[in-house]
Structures are given as C-alpha cells and as structure tokens.
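Working notes, structure below.
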Amino acid sequence: MIHAENLGRRFGDYVAVERLDLDVARGEVFGLLGPNGAGKTTTLRLLTGLVAPTSGSAEVAGLSVVDEPERVRTKVGILTETPGLYARLDALENLRFYAEVYDVKDATPKIRRYLERFGLWERRNEPVGAFSKGMRQKLAIARALLHDPEVVFLDEPTSALDPESSRTVRELVSELRAAGRTIVLSTHNLDEAERLSDRIGVLDHTLLHVDTPRALRRKLYGHLVEVDTLAALDAETLEALRALEGVKSVTPRLEGCAVAIEDVERDVPRLIATLVARSVPILRVAEQARSLEDVYLDLLHRRGASPDAHP
Amino acid sequence: MNSRHIRAVMRREWTELVRTRTLLATLAFVPLALVAISIGVEWSLSRLPDSAFDLGTGEVMVPGLLVRYGNLGVRYSVYALLNEQSLALLLIVAAALPSSVASHAIVGEKVERTLEPLLATPISTRDLLLAKCVIAVLPSLALTWLSYLATLLGLSLFAPASVIAVAMRLEWWLAYFVLAPLLAMASSLAAAIASSRVSDPRTAQGLTSFLLIPLVGTGISAMTGFTSIDLGWVAIATLSLVALDLALLWLATRLFRRETILTRWR
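Top to bottom, those sequences are chains A and B. For the first sequence, numbering that gives the first Met the number 0 assigns the number 0 to the initial residue and increments by one for each residue that follows. For the second sequence, numbering that gives the first Met the number 0 assigns the number 0 to the initial residue and increments by one for each residue that follows.
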C-alpha cells in the first residue's frame, strides 16, 4: 500500500529525510518513532503528496506522490500536528466543509457517526474555538477519516487526549486495521506505538530500524534472564554458567546474576538445572522485560542522536 | 475546475466572514464615510445663495463645466461635478476593500494553522484561490453598490432629476456593475498573490497596498477628467480588466508554493 524507495527531501543544505526505503502492507499499522526534528512530519508530508521529494520516489495506494499528488490526496487522510480546525465554525460545519472538499457522498450519517463516537454530537453546533484541546483533536481525527481513506496518517493522534478518549482512538485504529485500512502512526508515545503498531520504524532522518516491537527488542538485546539467589554466586558457578551452550554472557550481581541467552525455551531449563546441580538456592528466574523505550533510546544513542537534540 | 470544491470553500469563507463582525464594520466604515461626505457637500452647496454661482466667481472652471454638463446651469453643474468625483472615489473603494479581506486569504489560514489540512485535500490551487477571491469581493461590491444607491438618494434631496440623471448615465451603471466587480477581482487576486508570498498578514496588507497603486491611479485618472468616461472607454476598460483578472488568476496559481508555505512559514 505504501512503497518508498530512496526517498529524500532536502531544504537547501538541510537534509530532512534521506535514503528512506519503506514498504507498508494493506491493513498494517506502522509506527514511526523518532526525536523532534528527525523528519517524521516531512516523511508524512512526502507520503501524502504535500511536499515533493528531492530524491527517490514513493507510491501510496498505487499512485505516485511525484506524478499524481492531487490523486494521492483523495486516497489518504491525515491528522496533522495541530488540529487545524476553523474556530469560528461549529463542529458540524467543519466536517461538512471537508466532506464536500473530499467529495463524500451522503456525508450526514457519517458525520453523525463520528461525532457520536467521539462524544461530540451534543456539542455539534458550538463553535470549535470554544472546544478543549482534546475535543479539537477528536474532531480532527473524524475529519481525517470522513472520506474513508485507504491510508491514514496520524501525527500524534492521542496527544492532548484524556485516557478515555485515547482509548477510543486506539480502538478506532484497531477497527480501521481490521477493516483493511493502512495506518501510519507518528508518535512520541512509545507505549502507544507498541500497543498499536504491527511494525515500528525508528527514524532519524533515515530509517534506522524497521521491525516488530518484539523483534526490535530481541535484535538489540537478545534475551536477558535475571537469576536471584540467596547469596552471591561463586566463581566456579559463574564459569559453569558461562560454559553452557547458548549462553552469551553472565554478569554477576550481589545476590545472583544476569545471563544473556540465545533462546529462552532451550537455555533457561539448562540454566536452572546447572544451578540446582550445584545446590544454589534459587529465589527467582525471570526474563528481563526491555521496554520499547529502552530500544528506542538505545538506537538513537548508538547513532549519536539525542531524543531532544533537534529544536 | 471543480465547482463543488469552489462552492464549499466559498460557503465556508462566507460563514467565517459574516461571523467576523469587526472586519465587516471596518469594511463598511470607508464607503459609509464617503457617502456621508458626499451628501454633506451637496447639502452645503444647497445652502449657498444663487449669487455664489454667478459666472464671475468661478470664471476659470465655469466654461468647462458648462461644456461638460450642457444645460444644467452653473449651480447644478457644480453639484454634478462634485457628485461624479464622489462616485469615482467610491469605485476606488470597490478596488481597495477586497484586498483587505484577500490579503488574509492564505497567510491568515497559515497563522490560524488551518492551512495544512486544507492543502492536504484534493482541492486545486486555482479553485482555492478563486473561491477565496470571489468571497473577498462580494462584501466590498455589496457595500459599493449600496453606497452608490445611497449617494443617489442623498443627491435627490438637494438636486433636481437632471443632476441625478448625470449620475445615472449608462457609463456609470457600467462602471459600477461591470467594471467595479472586475476591478475588485483584480485587487483581490493581487492581494491573494501577496498573501501567498509572505509569512505574516501585516506584510501581506502592506504589499497589497503597493500593488493597488496602479489600479487606483488608473481609476482616479479615468474618473477625474484626465480620461473621459464614455462607452468606448468602458468597453476597453472592461476587456482590459477581464484580461488582467485572468492573468492574475494564472499568476496567483503559478506563484502559489504549497511547499514553501507549509515548510518555511513559521
């Protein structure tokens, strides 16, 4: 549904995005993570035909963003960084306007459905200028979906939303995925990205890594098992553990150790058997959970970027 | 050209405009003031004794006046002259007012951060600009036409039908109902060009004022005697303005840089 090859965009000497290769399948939710200024918004603008690439090419819904940007825009819906609604118009007027511009047939029931879904129906006749930030965000999401786009680009969809509204948005994203819509989600909310995305791309002007959240973690850290014991392990036990097949490293701790292994199901039973054979009193053996945040920060630090490095 | 898109933008722009009362009040102020001044001048003239219009008091201008207005006599020729000058000024208002609305057309949306979602829609640049410019023109034209009628009504209080007939010559009707819309559209498009090339509304307005100088100059020249207004002149002016409007629409579309507007303006 989305195919980008060597996609890049420069603004004078400034390289916003370079050598971006990306494939997103129909019905996939793709999370785009990156620090401020990493080129997330530019990437979304490139893929929605809002700005033209200075190198490479991209196709969205089978249409070239270079040759047919206007047609691309009929196939995509975008939630921009700011809601961008007309403050003097009410919620209904805002959505009706966009329904007309997107040539939505029989828009009224759709508008009503989205307004009810987001709890805005009762306030449909109030000027949007009087809405809270969260209400505007919900209305802007409704606007992005009104014309049933094949590809939806959501830039920080749950920012400014309360937990309940965030949940509504997440449920909506899941429904859209189930309905075969392709979604590109640009976010700083790593928990949300992990929960919603089938795959995640870490962007810092180019895509550093693309994979499922789980695979990203594994790629970066392998499996780390924490072993808690009643007392510190002696040198012989540590050596015995290091000698086990599948064990990559053993780091002693005050009471126990941390063991990096290749495969949990194969290596953990051997680990426990070795400790039991040496009469080590085991309190707990557990795989260490690495959050996506660890992965993300580590990837950026390896590249030498700080999550807040760019203004 | 997508008429549905144009209508949608026009409807939205109009709704927003009528809800911006301060802007409407500001727009109405200048033409209303001109009408009041025009009527005030006619009223002042009506209070002058006939002796003030003796041939001897205005020997330089009187022969010219009598030639221009035929058998109206000196007093009513003066009425007619001053009234025509007011009508000419009102035409300049028709050209100037739309620019104050249109200069906000693009940069205003950028400032209010509504531009990116709008540009992300399939609407074409030409349809967007055309719709915005038409809406900028409508209130100004309505005010100009109302002011024209008000001036005629005011004149009818102090002048005979023969003087009013001068202000209702076919040339004036054509000037108000054919030239004024074309002139207003030209100024609106010029303002839209300025609005899409600068990054804040004040600069857009300043630049627009500069762009209006040739239009206003032509209007003043035409309406104050340097160029005599007749049917031939109106026909030439009409054709010229149609060509100018089309050229400005083409230019506005060409000069509109979606990317620059989205990525460079802050």
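Heads up, the beta-carbon is just placed ideally off N, CA and C, and yes, glycines get one too.
Along the alpha helix (DSSP H) that carries residue i, what are the first and last residues, could you check?
{"i": "B/R20", "result": "20–45"}
{"i": "A/D20", "result": "First-last for A/D20: 13–23, but that is the beta strand (DSSP E), not the alpha helix (DSSP H)."}
{"i": "B/I260", "result": "257–262"}
{"i": "B/H4", "result": "2–17"}
{"i": "B/V77", "result": "72–101"}
{"i": "B/I122", "result": "Premise fails: B/I122 is in no alpha helix (DSSP H) and is neither H nor E."}
With DSSP run on the structure shown, which of helix, strand or coil describes residue i?
{"i": "A/P251", "result": "strand"}
{"i": "A/P310", "result": "A caution first: A/P310 carries a pLDDT of 33, below 50, which makes its placement in the model unreliable, though a value can still be read off. If DSSP states are grouped into helix, strand and coil, A/P310 belongs with coil."}
{"i": "B/D199", "result": "coil"}
{"i": "A/A285", "result": "strand"}
{"i": "A/G200", "result": "strand"}
{"i": "A/L46", "result": "helix"}
{"i": "A/L299", "result": "helix"}
{"i": "B/R168", "result": "coil"}
{"i": "A/R9", "result": "strand"}
{"i": "A/A3", "result": "strand"}
{"i": "A/V246", "result": "strand"}
{"i": "A/V258", "result": "strand"}
{"i": "A/L232", "result": "coil"}
{"i": "B/V106", "result": "helix"}
{"i": "A/R269", "result": "helix"}
{"i": "B/L250", "result": "helix"}
{"i": "B/R112", "result": "coil"}
{"i": "A/R277", "result": "coil"}
{"i": "A/A37", "result": "coil"}
{"i": "B/D229", "result": "coil"}
{"i": "A/A51", "result": "coil"}
Over the uninterrupted beta strand (DSSP E) stretch that includes residue i, give me the two end residues.
{"i": "A/E225", "result": "222–228"}
{"i": "A/V209", "result": "206–210"}
{"i": "A/G30", "result": "28–32"}
Interface residues of chain A around residue i at Cβ under 7 Å?
{"i": "B/L137", "result": "The contacting residues do not exist; B/L137 stays about 17 Å from chain A at best."}
{"i": "B/T14", "result": "L88, E92"}
{"i": "B/A274", "result": "Past the boundaries of the shown model lies residue 274 of chain B; chain B is included only from 0 to 265, so the question cannot be answered."}
Run down chain B in chain order and give the residues with a C-beta less than 8 Å from the C-beta of residue i.
{"i": "A/A86", "result": "E111"}
{"i": "A/E17", "result": "Correct list: empty, because the minimum Cβ distance to chain B is about 16 Å."}
{"i": "A/R142", "result": "P116"}
Residue i touches chain A at which residues, Cβ-Cβ below 8 Å?
{"i": "B/R257", "result": "L49, V50"}
{"i": "B/L261", "result": "R44, L49, V50"}
{"i": "B/R11", "result": "Y85, L88, E92, F96"}
{"i": "B/L118", "result": "L49"}
{"i": "B/E83", "result": "Result: empty, since nearest Cβ-Cβ is about 40 Å, beyond 8 Å."}
If the cut is a Cβ gap below 7 Å, which residues of chain B does residue i touch?
{"i": "A/D293", "result": "The contacting residues do not exist; A/D293 stays about 33 Å from chain B at best."}
{"i": "A/D102", "result": "R3"}
{"i": "A/E99", "result": "R3, A7"}
Check the Cβ of residue i against every Cβ in chain B and list those closer than 9 Å, keeping chain order.
{"i": "A/E69", "result": "P121, I122, S123"}
{"i": "A/I182", "result": "Those do not exist, as A/I182 stays about 16 Å from chain B at its closest Cβ, beyond 9 Å."}
{"i": "A/T53", "result": "Those do not exist, as A/T53 stays about 10 Å from chain B at its closest Cβ, beyond 9 Å."}
{"i": "A/R72", "result": "L118, A119, T120, P121, I122"}
{"i": "A/T79", "result": "R112, E115, P116, A119"}
{"i": "A/R123", "result": "The premise fails here: A/R123 is roughly 15 Å from chain B at the closest Cβ pair, so nothing lies under 9 Å."}
Since residue i meets chain A, which of its residues come closer than 9 Å, beta carbon to beta carbon?
{"i": "B/T19", "result": "R87"}
{"i": "B/L26", "result": "Residues of chain A passing the Cβ test: none, with the nearest at roughly 16 Å."}
Problem - Contained beta strand (DSSP E) runs [length at least 3] in the stretch 127–193 of chain A, N- to C-terminal order - result: 150–154, 181–186
Handout entry: Residue ranges of each beta strand (DSSP E) within the stretch 53–124 of chain A, 3 or longer
Key = The stretch 53–124 of chain A contains these whole beta strand (DSSP E) runs: 54–59, 75–78.
Problem - Segments of 4+ residues assigned as alpha helix (DSSP H) that fall wholly inside the stretch 135–194 of chain B - result: Correct list: 160–166, 169–173.
Exercise for the section: State whether the stretch 64–84 of chain A contacts the stretch 47–54 of chain A, with contact taken as three or more CB pairs (one from each stretch) at a distance under 8 Å. Expected result: yes
Practice task
Please confirm if the stretch 109–120 of chain A is in contact with the stretch 81–88 of chain A, defined as three or more CB-CB distances below 8 Å between the two stretches.
Solution key: Result no; under three Cβ-Cβ pairs closer than 8 Å.
Exercise for the section: Would you check if there are 3 or more beta carbon pairs closer than 8 Å linking the stretch 220–236 of chain A to the stretch 55–69 of chain A? Expected result: Contact between the stretch 220–236 of chain A and the stretch 55–69 of chain A is absent: fewer than three C-beta pairs spanning the two stretches fall below 8 Å.
Practice task
Count the CB pairs spanning the stretch 150–163 of chain A and the stretch 127–140 of chain B that are closer than 8 Å, and state whether there are at least three.
Solution key: no
Practice task
Answer yes if the stretch 180–188 of chain B comes into contact with the stretch 68–81 of chain B, meaning at least three C-beta pairs across the two stretches below 8 Å, and no otherwise.
Solution key: no
Problem - Segment contact, 8 Å Cβ cut-off, at least three pairs: the stretch 88–101 of chain B with the stretch 27–40 of chain B - result: By the Cβ rule, the stretch 88–101 of chain B counts as touching the stretch 27–40 of chain B, because three or more pairs are nearer than 8 Å.
Problem - Inter-stretch contact at 8 Å, needing at least 3 Cβ pairs: the stretch 273–292 of chain A / the stretch 96–113 of chain B - result: no
Practice task
For the stretch 148–157 of chain B and the stretch 103–117 of chain B, state whether three or more C-beta atom pairs, one from each stretch, are separated by less than 8 Å.
Solution key: no
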